[in-house]
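Peer 1:
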Amino acid sequence: MTKAGVYIGLGANLPSPEHGTPRATLEAAIAALEAQGLAVVARSPFYESEPVPVSDQPWYLNAVVEVATDRDAVATLALLHSVENAFGRVRNIRNEARVLDLDLLDHRGTLRQGPDSPLLPHPRLADRAFVLLPLRDIAPHWRHPVSGLTPAELLESLPEGQRIRRLSP
């Protein structure tokens, strides 16, 4: 049985040779996830955000989708990495500019800590406005599996300085 409650963060700040702009790349990535059997049940607006940590690289385009799947967390993360690879994602340095970034934020409240991936909930989810704002848009009543806080409550505790703006459709 396919179940919802799986949240994926999407980001890009480099153009893709195949798909073009970061926006077109994220649209194509959402279509690729659906083609691989993840049913998108909710999708946030796009946000433009300054890189975290702040750097001279281009601003990111971000969104969050909620999907329904019968895959477990490990299989879901493997699928996300497969889609990233198909889009030309190269992993060299943490926080570097990228064509596509797909993060498994939460998998139906699963808690996974320790050396094995995926760590759930995503370990930096609560520190990033570019995740919390779009998550609040599609799942305002979602609660962080560890703290129990909603996206709005987590946003209130963020330090100032993360520059982000919601884009029109």
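In this text, residue positions in the sequence shown follow our numbering: the first is 68, and each later residue adds one. All residues carry an ideal CB built from backbone N, CA and C; glycine is no exception.
1) Note the first and the last residue of the continuous alpha helix (DSSP H) segment covering V242.
2) For the ligand GTP, I want to know if D183 counts as a neighbour, meaning its beta carbon is within less than 8 Å of at least one of the ligand's heavy atoms.
3) Contact between the segment 134-141 and the segment 209-217: three or more CB pairs below 8 Å?
4) Do the segment 96-114 and the segment 173-193 meet, that is, are 3 or more Cβ pairs less than 8 Å apart?
5) Within the same chain, show all residues whose beta-carbon is closer than 6 Å to that of L105, passing over the 5 residues directly before and after it, in chain order.
6) So, A206 versus L225, is the Cβ gap smaller than 9 Å?
7) List the endpoints of the continuous beta strand (DSSP E) containing H148.
8) According to DSSP, simplified to helix, strand and coil, what is V132?
Peer 2: Working from what's here:
1) The question about residue 242 has no answer here: the residues shown for the chain are numbered 68 through 236.
2) No copy of the ligand GTP appears in this structure; indeed no ligand is present at all.
3) no
4) no
5) V134, T136
6) no
7) Segment 140-153 is the alpha helix (DSSP H) holding H148; no beta strand (DSSP E) there.
8) strand
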